[in-house]
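One structure is given below, encoded as structure tokens.
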Amino acid sequence: MQVLKHDMENARQKGEQIEDVVKNWLKDANEKIEASEKILEDNDRANHFCFMGCCPNMKTRHQLSRKANKKTQVLVEVQKNRKFDKISYRTALKGIGPPKDYEAFESRMLILNQMLEALKDVDVTMIGVYGMGGVGKTTLAKKLAKQVEEDGIFKVVVIATVTSNVDLKRIQQEIAEWLRFPLEAEVTAVRAALLCSRLKQEEKILVILDEVWAQMKLEDIGIPLGTEHKGCKILMTSRNLNVLHEMGTERNFKLQVLEDEEARQLFEKKVGTLKHSQIKPMTDEVAKRCAGLPISIVAVATALKNKGLEEWKDALERLKRSDADDMDKQVQSCFDLSYRYLENDEIKSLFLRLSAYLFLSDRVDQLLKYVLGLSLFKPCRNLEETRNRLHKYVNDLKSSCLLLEGRRDGEVKMHDVVRSFAISTASRDHHVFTVAHDKLKKLQVLSLMNSDIVRLPRELEQLTHLRLLDLSNCSSLEVIPRNVLSKLVRLEDLRMGNGFVQWEGEKQGGVGKNASLSELKALSNLVALEIHILDANILPRDLFSEKLERFRIFIGDGWNCSDDMYATSKVLKLKFNTSVHLEGIKVLLMTTEHLHLDELNGVKNILHELDEEGFPYLKKLYIQNSLDIEHIIDWRRMNHVIAFPELESLFLQNLKKLEKIYHGRYVMGSFSNLRKLKVGNCNVLKNLFSFSMLKGLVVLEKINVSRCEILKEIVAMETREDSEIKLPQLRKLKLENLPQLTCFCSQGDVPSISQSQQQLLRALEKSYWRMNLQLFKNCYC
Numbered sequence: 001m002q003v004l005k006h007d008m009e010n011a012r013q014k015g016e017q018i019e020d021v022v023k024n025w026l027k028d029a030n031e032k033i034e035a036s037e038k039i040l041e042d043n044d045r046a047n048h049f050c051f052m053g054c055c056p057n058m059k060t061r062h063q064l065s066r067k068a069n070k071k072t073q074v075l076v077e078v079q080k081n082r083k084f085d086k087i088s089y090r091t092a093l094k095g096i097g098p099p100k101d102y103e104a105f106e107s108r109m110l111i112l113n114q115m116l117e118a119l120k121d122v123d124v125t126m127i128g129v130y131g132m133g134g135v136g137k138t139t140l141a142k143k144l145a146k147q148v149e150e151d152g153i154f155k156v157v158v159i160a161t162v163t164s165n166v167d168l169k170r171i172q173q174e175i176a177e178w179l180r181f182p183l184e185a186e187v188t189a190v191r192a193a194l195l196c197s198r199l200k201q202e203e204k205i206l207v208i209l210d211e212v213w214a215q216m217k218l219e220d221i222g223i224p225l226g227t228e229h230k231g232c233k234i235l236m237t238s239r240n241l242n243v244l245h246e247m248g249t250e251r252n253f254k255l256q257v258l259e260d261e262e263a264r265q266l267f268e269k270k271v272g273t274l275k276h277s278q279i280k281p282m283t284d285e286v287a288k289r290c291a292g293l294p295i296s297i298v299a300v301a302t303a304l305k306n307k308g309l310e311e312w313k314d315a316l317e318r319l320k321r322s323d324a325d326d327m328d329k330q331v332q333s334c335f336d337l338s339y340r341y342l343e344n345d346e347i348k349s350l351f352l353r354l355s356a357y358l359f360l361s362d363r364v365d366q367l368l369k370y371v372l373g374l375s376l377f378k379p380c381r382n383l384e385e386t387r388n389r390l391h392k393y394v395n396d397l398k399s400s401c402l403l404l405e406g407r408r409d410g411e412v413k414m415h416d417v418v419r420s421f422a423i424s425t426a427s428r429d430h431h432v433f434t435v436a437h438d439k440l441k442k443l444q445v446l447s448l449m450n451s452d453i454v455r456l457p458r459e460l461e462q463l464t465h466l467r468l469l470d471l472s473n474c475s476s477l478e479v480i481p482r483n484v485l486s487k488l489v490r491l492e493d494l495r496m497g498n499g500f501v502q503w504e505g506e507k508q509g510g511v512g513k514n515a516s517l518s519e520l521k522a523l524s525n526l527v528a529l530e531i532h533i534l535d536a537n538i539l540p541r542d543l544f545s546e547k548l549e550r551f552r553i554f555i556g557d558g559w560n561c562s563d564d565m566y567a568t569s570k571v572l573k574l575k576f577n578t579s580v581h582l583e584g585i586k587v588l589l590m591t592t593e594h595l596h597l598d599e600l601n602g603v604k605n606i607l608h609e610l611d612e613e614g615f616p617y618l619k620k621l622y623i624q625n626s627l628d629i630e631h632i633i634d635w636r637r638m639n640h641v642i643a644f645p646e647l648e649s650l651f652l653q654n655l656k657k658l659e660k661i662y663h664g665r666y667v668m669g670s671f672s673n674l675r676k677l678k679v680g681n682c683n684v685l686k687n688l689f690s691f692s693m694l695k696g697l698v699v700l701e702k703i704n705v706s707r708c709e710i711l712k713e714i715v716a717m718e719t720r721e722d723s724e725i726k727l728p729q730l731r732k733l734k735l736e737n738l739p740q741l742t743c744f745c746s747q748g749d750v751p752s753i754s755q756s757q758q759q760l761l762r763a764l765e766k767s768y769w770r771m772n773l774q775l776f777k778n779c780y781c
């Protein structure tokens, strides 16, 4: 029962729906089990004595015994009725909607209502909305998506961006991700067939195709049409009505620019409080000069926000100089105003460059390659300074509404209208695209990411100005010629995750064909490193430096280098069967944020032997399959240091000699940020916490303990003065396969049991039938 409930909770957290047969079975089972648990309440009566207290009340015990047998039979019958293979199923994602600050203007609501009526028409399969770039077609489509879901017109809505560069696989993938459908085939036609079959499973579904620039075949994507699936309808957005006609839309709606009053309202909302009373008369005229396009209104208002009177006058004069009869020129002048107010030439150059490289969306860190390779910024001391400046400028561009948030966290994109302005400006100031030709030995960035390269050319050693080398996901790379990496003395960022692993040890009396790890010692400027080393025995003693500010270093086999790719900036995953190699790693252990230890033998106390400073920055700690570890912390050796102050997750698995997590007197502040604790197959562990330690776990949310053969209690009382336990944030307690567990807390002189403690006790009691424990006598929780 309890395992099923946890599985259901996990399914819900993943956004899955619980099968009705499971809900019905669980309801029936709960009713029967609640009746069976009445036995626990009757336990005290079974302990009544007769004959002046000299012997047990045999009649009461006999009645309870018969009742217990009947309840046990009921539970067996309940278990037999459990006839289902799976408990949940995936549903399509919800949440397509307009920005939070969406303005429901009357002109937009009129079009929206007309589109809703068209979609309700059983004879209409495809509709379209068209208008000039930046008028708000995508925003309106997303508002419609939210509305049809709320009104129940469609159960599922999916969206994909088409763009002028049609990529069928990408469009298919976007639709599949909204459906949470694993589309793993490579052949486009096969993907289309699979996607079509999946779409037909939805009774009522709306497919939104945004930014359609030219005619294309929907069957090539895998979208069923007409009688093929009457429950599937399509909404397309385009700048060109002719394109919609070619696609076969049955109803089309033109989205006009905002009316003057709507434009003024939007402008005033975005510009905020005015600094000077003389500015107020200018706001109406400035708003009118924005051509009624929401994107240009927001851009100009953002540029003028908090600006003084002189800047407003200058902006108005610039806008007036544009041709009032030429919509394109008016829009260009609006973005030109935002462009001119950018901080300096560096951010302007970055913005113009992004118009050529940033199409759908991209991670900001990927843009670093363009910045370095094209020398967009003034010389920085190091790569980290360049990275920080890039992130600052990207945030400034987003604040100026010249860049938008991308499809995923950490990504950015550029609106087509803004791109058109940027390309026009770049062609006018064509010198910003010139690159020195004196194109290769001064190259600063080289990315071969995801390539099928097998051998790096030796000529790479001539790129002595190289600052970033990306060889990540080059799974076919087998040879890096010896003494090539050591020549790249200016290298600051080396990325080799999920790729090259054929490192060689030092050769005696000869030269190997492949690179050795010792070559990395020559890279004195290295501050970022992603690397996988299969054999710990070839590790040089002083390979790693405290200069590393970001690292993902995996040592040993069995690691998946793609896991938690962007979760933290400092990740160590270590697998070696001797503590000898720890000396070369300790410089990184002091600053790591994510540490995973596997088969680490020869270590008894994690804190004392790995980092005496207490792992001050560590957020996640995984320890598994180690034969010698007795304690995570031993107070006798920690010198009163606060241990693991930032740790959020602790996972301990298959630690055969682990006696205690924290041995000895608790130092306040240790584990103070711990939220998740999972312990499994630790067969000499008798309890998880002492009472004094538990008082420091004020944010603990989840406890999961399983397969610990002699675990008797969760919390060990230390003195008779120990009072009630408080776990204010505890949300999930999972205990399974603990044959010796008799109570949550050891027996003590506990004066009271709080409401939260009573809830925990009830949770333990409900686990009684699953864990086959005896009654929880003397259980104070």
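Under full-length UniProt numbering, think of the first position of the sequence shown as 1, with each following residue one higher. Quick reminder that beta carbons are idealized off the backbone N, C-alpha and C, glycines included.
According to DSSP, residues forming a beta bridge with residue i
{"i": "A160", "result": "L209"}
{"i": "A528", "result": "D493, R550"}
{"i": "K378", "result": "Paired residue(s): none; K378 is not in a bridge."}
{"i": "C745", "result": "V715"}
{"i": "V479", "result": "R455"}
{"i": "E343", "result": "None, per the DSSP bridge assignment."}
{"i": "V445", "result": "L468"}
Boundaries (first-last residue) of the beta strand (DSSP E) holding residue i
{"i": "G128", "result": "126-130"}
{"i": "K233", "result": "232-238"}
{"i": "Q653", "result": "649-655"}
{"i": "K413", "result": "411-413"}
{"i": "Y662", "result": "660-663"}
{"i": "D314", "result": "Here D314 belongs to no beta strand (DSSP E); instead the alpha helix (DSSP H) covers 309-320."}
{"i": "L468", "result": "468-470"}
Residue burial classification, residue i (beta-carbon count within 10 angstroms, cutoff 16)
{"i": "M496", "result": "buried"}
{"i": "I606", "result": "buried"}
{"i": "S338", "result": "buried"}
{"i": "P294", "result": "buried"}
{"i": "V705", "result": "buried"}
{"i": "T139", "result": "buried"}
{"i": "Q201", "result": "exposed"}
{"i": "S524", "result": "exposed"}
{"i": "H594", "result": "buried"}
{"i": "H596", "result": "buried"}
{"i": "L368", "result": "buried"}
{"i": "T592", "result": "buried"}
{"i": "M668", "result": "exposed"}
{"i": "I110", "result": "A quick correction: the sequence has Leu, not Ile, at residue 110. Per the 10 Å Cβ criterion, exposed."}
Host alpha helix (DSSP H) of residue i (start-end)
{"i": "Y393", "result": "383-399"}
{"i": "D452", "result": "Careful: D452 lies outside any alpha helix (DSSP H) and carries neither H nor E."}
{"i": "residue 783", "result": "Any question about residue 783 goes unanswered here, given that the chain covers just 1 to 781."}
{"i": "N625", "result": "Counting along the chain, N625 falls outside any alpha helix (DSSP H), though it belongs to the beta strand (DSSP E) covering 620-626."}
{"i": "K254", "result": "From DSSP, K254 is part of no alpha helix (DSSP H) but of the beta strand (DSSP E) over 251-254."}
{"i": "I297", "result": "294-304"}
{"i": "I175", "result": "168-179"}
{"i": "I634", "result": "One detail in the question is off: residue 634 reads as Asp in this sequence, not Ile. Per DSSP, D634 belongs to no alpha helix (DSSP H); it is in the beta strand (DSSP E), 631-634."}
{"i": "T283", "result": "280-288"}
Nearest-angstrom beta carbon gap, residue j and residue i [assumed within contact, 8 Å]
{"i": "K413", "j": "L477", "result": "Contact doesn't hold; Cβ gap of about 31 Å is too wide."}
{"i": "N498", "j": "N473", "result": "5 Å"}
{"i": "L244", "j": "Y130", "result": "6 Å"}
{"i": "L600", "j": "S626", "result": "5 Å"}
{"i": "T125", "j": "K233", "result": "6 Å"}
{"i": "A141", "j": "T237", "result": "5 Å"}
{"i": "D628", "j": "K657", "result": "6 Å"}
Interface flag, residue i vs chain C, CB-CB below 8 Å
{"i": "N395", "result": "Looking at the structure shown, chain C is missing, and only one protein chain is on hand."}
Practice prompt. Let me know the alpha helix (DSSP H) ranges lying completely inside the stretch 676-735, each 4 residues or longer, listed in chain order.
Written response: 691-694
Item to complete: Output the residue ranges of the alpha helix (DSSP H) runs that lie fully inside the stretch 539-615 and measure 4 residues or longer, sorted by chain position.
Response: 586-589, 606-610
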